Amino acid sequence: MPNLRFMVHHLQHISDLIDLCRQCGIRNVVISPGSRNAPLIQGFTALDEMTCHSIPDERVAGYFAMGIALETGTPVVVLCTSGTATLNLAPAVAEAFYQHVPLVVITADRPVELVDNQQNQTIPQQEIYSGFIKQSLNLSSSNIDEVSRVLSLSTEPHPGPVHINVPVREPLYEVLPPSSAGKATFRKEIKSDSKLPAEITDAVRSASKILILCGQQRPDEALSATLKKILQEKNAVVVAEAISNIDLPEVIANTEPVIASIKENERKEFLPDLLISTGGHVVSKRWMLWMQKHPELNHWRVSEAPDQVDTYGNLKGIISGTPASVIEQLMSHFDNSDQTYFNLWQRKNNQLQRNKTEYLEQAPFCELKVFELLLKNLPEDCNLHLGNGSVVRYAQMFDFKKSVRVYGNRGVSGIDGSFSTATGVSAANPEKMNILIIGDMSFIYDSNAMWNRNLPENIIIFVINNSGGGIFRLIDGPSQHEWFEPFQVAQHPVSIRNLSLAFGLEYYRRESEEEIRDEMPIMLKKGKPVVVEIVTPADINEKVFKQFYKI
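Pasting the structure below:
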């Protein structure tokens, strides 16, 4: 007869995991329903410290959790049952990986001996997110001590998703035992910016043309302050698109149109001696193609993550550390009194702004005009969420108010989670207004974001309806083929109105510049989720957009 005094409860590892999550400081848990994860649901919902969010669709749940983590800067648990539910989390996990978002993915599973043995709702789940996860752990009572380390990795030394797979034996609905985890010890890595390599400091001293490129990142007050000082005291050029959340005077923000306006015979003088880059993705394809043409460019990347990102094929080295501190150290070695290079970029940018103003004054109603109106009338201190495809590209053509924080899923750049991410951000900070601008295809694809009985009330959704995947009409090449409209643009029969009303949202349709200008202030004061469909003429959109890049 077994000695019952020393038998471990079959759900003990679940109690311990939940307690360690609590000790780690996790306060938000996004839960998708299921049976195998029932003990985990029981444990998380029993804790007063936890705010639990019910999201039935796992794909939505993953992005919703990511949105909360983006807004709070703290780890968020997303919990699902076994089988294909785990696969439905994969898009959000990949996006979180490339955006460096602290997501704790907990998947319930059957015991290992039941996998691949024709058991219900079972697939191999260990290492299921391999390639886009910081760390995976297949939990058991014997390795519970590993949980603290894995949870720490969601934030240290740089944020990112971690995965804890939890095999659960039946019975599933017993009362959980008390935690036996004890006091958790979480690693806190102190970031220290080491001495800069002599190669880069020598390059800074000898350079006369330095360009600092900021990719996608969360607002960073220290970096903004450093760049402001550089712009005031040095003659370096700073390029930062809207998703960089760096809004300073004299920053080159409209990257794509600025690069397009530089003539081929001017390119050489605009090329820097030294390129210093930081942050994530840059939207502008013209920028990428220009940089890739110059493998000789002296390019150094500043990053807190141990990545080896070489987007342009000319990376000379990576400097590990916080961007603000490293760039400040670097620029202390730059003493260039010649403003020629700085003024060159400023003149080109100022000319673009004048040309853009003149062009928009005579342009007919189209998407370009719509974005001018929407972005010009954003409320102060709001969150702006940009869908992918044509939306994020149009937005990069305009400037934003300084108080606007810009979000966009540019880690992997899929259309599948922009709406869901925006609802997560909105839920995390109910006092802040959120504006989502999204295309019709993206809205329909992610419409289950509205399948949320606690849908945040502080969000307005502007759906740009250009009859399908409008981005493909804006790029050269595809439209000459007969399969272009049915298979690439993929026009749809979906009524945005009926879809919105089916989920109980208030809906409006607008088809003119006057309607948008006159009624946008009213929409922003609704105090509840509203869908505003803006119908634009597809043929005119294409003509106006392409002509803009010829001015």
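Taking our numbering, the leading residue of the sequence shown gets 49, the next gets one more, and so forth.
Glycine residues also receive a C-beta, built at the ideal position from the N, C-alpha and C atoms.
Quick caveat, the model's predicted, so the values are computed rather than measured.
When DSSP builds the beta bridges, which residues end up paired with Gln173?
According to DSSP, residue pairing for Gln173 in a beta bridge does not occur.
Using three-state DSSP, classify Ser325 as helix, strand or coil.
Of the three classes helix, strand and coil, the one that applies to Ser325 here is strand, per DSSP.
My understanding is that Ser130 touches Thr155, with C-beta atoms under 8 Å, so please give their C-beta distance in whole angstroms.
Correct: roughly 7 Å between the Cβ atoms.
Under the three-state reduction of DSSP, which class applies to Gln307: helix, strand or coil?
Looking at the sequence provided, one finds Ile at residue 307 rather than Gln. Here Ile307 sits in helix by DSSP.
If you count every other CB in all the chains shown that lies within 10 Å of the CB of Ser457, and 16 or more means buried, which is it?
First, the amino acid is wrong: residue 457 is Asn here, not Ser. For Asn457, the number of other beta carbons within 10 angstroms of its own is at least 16, and it is reported as buried.
Helix, strand or coil at Val460 according to DSSP, with G and I counted as helix
Coil.
Ignoring anything shorter than 3 residues or poking outside the stretch 227-292, list the beta strand (DSSP E) runs there in chain order.
Those beta strand (DSSP E) runs which fall completely within the stretch 227-292 and span 3+ residues are 258-262 and 285-288.
Specify, as a first and last residue, the run of the beta strand (DSSP E) that Asn346 falls within.
Following the DSSP letters along the chain, one finds Asn346 inside the beta strand (DSSP E) bounded by residues Asn346 to Ser351.
Please go through the same chain and pick out, in chain order, the residues whose beta-carbon is closer than 6 Å to the beta-carbon of Arg7, but skip the five residues on each side of it.
In the structure as shown, the chain begins at 49 and stops at 599. Residue 7 is therefore absent and cannot be evaluated.
Check whether Ile588 and Val418 have beta carbons under 8 Å apart:
Annotated as distal: Ile588 and Val418, with beta-carbon spacing of 8 Å or more.
Give the C-beta separation of Ile324 and Trp348 to the nearest angstrom, bearing in mind that I take them to be a contact with Cβ-Cβ under 8 Å.
That belief holds up - the Cβ atoms of Ile324 and Trp348 are roughly 6 Å apart, short of 8 Å.
Three-way DSSP call (helix, strand, coil) for Gly365 in this model:
Secondary structure at Gly365: strand, using DSSP grouped into helix, strand and coil.
For the stretch 343-361 against the stretch 295-307, are there 3 or more C-beta pairs whose distance is under 8 Å?
Because the criterion of three Cβ pairs below 8 Å is not met, the stretch 343-361 and the stretch 295-307 do not touch.
Taking the alpha carbon of Ala604 as the point to measure from, which residue in Gln444, Glu479 and Gly462 has its own alpha carbon closest?
Given a span of 49 to 599 for the chain in the structure shown, any question on residue 604 remains unanswerable.
The ligand NAD heavy atom lying under 7 Å from the CB of Asn589
For the ligand NAD, the structure offers nothing, since it holds no ligand at all.
Are Ala470 and Ala290 touching if we call contact CB-CB under 8 Å?
The answer is no: Cβ separation not under 8 Å.
Using a threshold of 8 Å, state whether the C-beta atoms of Ala497 and Val149 are closer than that.
Between Ala497 and Val149, the CB-CB gap reaches or exceeds 8 Å.
Going by C-alpha distance, which of Leu553, Pro159, Ala140 and Gly487 is nearest Val153?
Among Leu553, Pro159, Ala140 and Gly487, the Cα nearest to that of Val153 is on Ala140.
Where Ile588 falls: helix, strand or coil (DSSP)
Correct three-state label for Ile588: helix.
Please specify which runs of the beta strand (DSSP E), each continuous and at least 3 residues long, are wholly inside the stretch 416-452, giving them in chain order.
Within the stretch 416-452, the complete beta strand (DSSP E) runs of at least 3 residues are 431-434.
Here's the rule: buried if 16 or more other CB atoms are within 10 angstroms of the residue's CB, otherwise exposed. What is Ser451?
Flag for Ser451 reads exposed.
Which residues mark the beginning and the end of the beta strand (DSSP E) in which Tyr555 is found?
Note, Tyr555: beta strand (DSSP E), Glu554 to Arg558.
Would you tell me roughly how many angstroms separate the C-alpha atoms of Pro585 and Phe413, rounded to the nearest one?
When rounded, the distance between both Cα atoms is 8 Å.
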